[in-house]
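S.K.: Here the sequence shown is numbered in full-length UniProt numbering, starting from 1 and rising by one per residue.
Beta carbons: idealized from backbone N, C-alpha and C, even for Gly.
Starting off with a structure, shown below.
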Amino acid sequence: MIKNYDIIIPSTIIPEVDYLATKYLGESAFAIFIEDLFNGYFEYISVNIDDLKRAYIIMEKYQDIYLGIVDTSIVALAEKYEIRKILTLDRRHFSLIKPNKMEYIELLP
Numbered sequence: 001m002i003k004n005y006d007i008i009i010p011s012t013i014i015p016e017v018d019y020l021a022t023k024y025l026g027e028s029a030f031a032i033f034i035e036d037l038f039n040g041y042f043e044y045i046s047v048n049i050d051d052l053k054r055a056y057i058i059m060e061k062y063q064d065i066y067l068g069i070v071d072t073s074i075v076a077l078a079e080k081y082e083i084r085k086i087l088t089l090d091r092r093h094f095s096l097i098k099p100n101k102m103e104y105i106e107l108l109p
């Protein structure tokens, strides 16, 4: 939990966290993250085929700004589980998305 928020980790972000953490913070950063995940520090959600279908629909809807499957799968899960707060460093993409059945997504930090 970070500042009273439960952190949910979608399966689709693991490779991206591996790449970015290793590139910018070193190999030990990803090791710490994945060990914290294994130890239950974060909640892990698998992305299923229906989630990927929804993510692809979102990709098509916003094709003019090209949102990748990682970002759109996060939005698909936010819609599915009615998650209104997303922790991301990619504010430029997420700030443009209007999720179904929700007025907005609040971006953290």
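With a threshold of 6 Å on Cβ separation, who are the neighbours of L58 within its own chain once the five nearest residues in sequence on each side are excluded?
M.R.: Reading off the sequence shown, one finds Ile at residue 58, where the question assumed Leu. Same-chain partners within the cutoff: T72, V75.
S.K.: Count the CB pairs spanning the segment 6-13 and the segment 40-58 that are closer than 8 Å, and state whether there are at least three.
M.R.: Flag = yes, the segment 6-13 and the segment 40-58 touch.
S.K.: So within the UniProt domain "PIN" (5-94), which uninterrupted beta strand (DSSP E) runs reach at least 3 residues, ignoring any that extend past its ends?
M.R.: Segments of the beta strand (DSSP E) lying fully in the UniProt domain "PIN" (5-94): 8-10, 43-45, 85-87.
S.K.: Please report the residue range of the beta strand (DSSP E) in which L108 lies.
M.R.: Element bounds for L108: 106-108.
S.K.: Quick one: is D36 buried, meaning 16 or more other Cβ sit within 10 Å of its Cβ, or exposed?
M.R.: With fewer than 16 Cβ atoms within 10 Å of its Cβ, D36 is classed as exposed.
S.K.: Output the distance between the C-alpha atoms of I104 and R91, rounded to the nearest integer angstrom.
M.R.: The amino acid occupying residue 104 in the given sequence is Tyr; Ile does not appear at that position. Approximately 13 Å between the Cα atoms of the pair.
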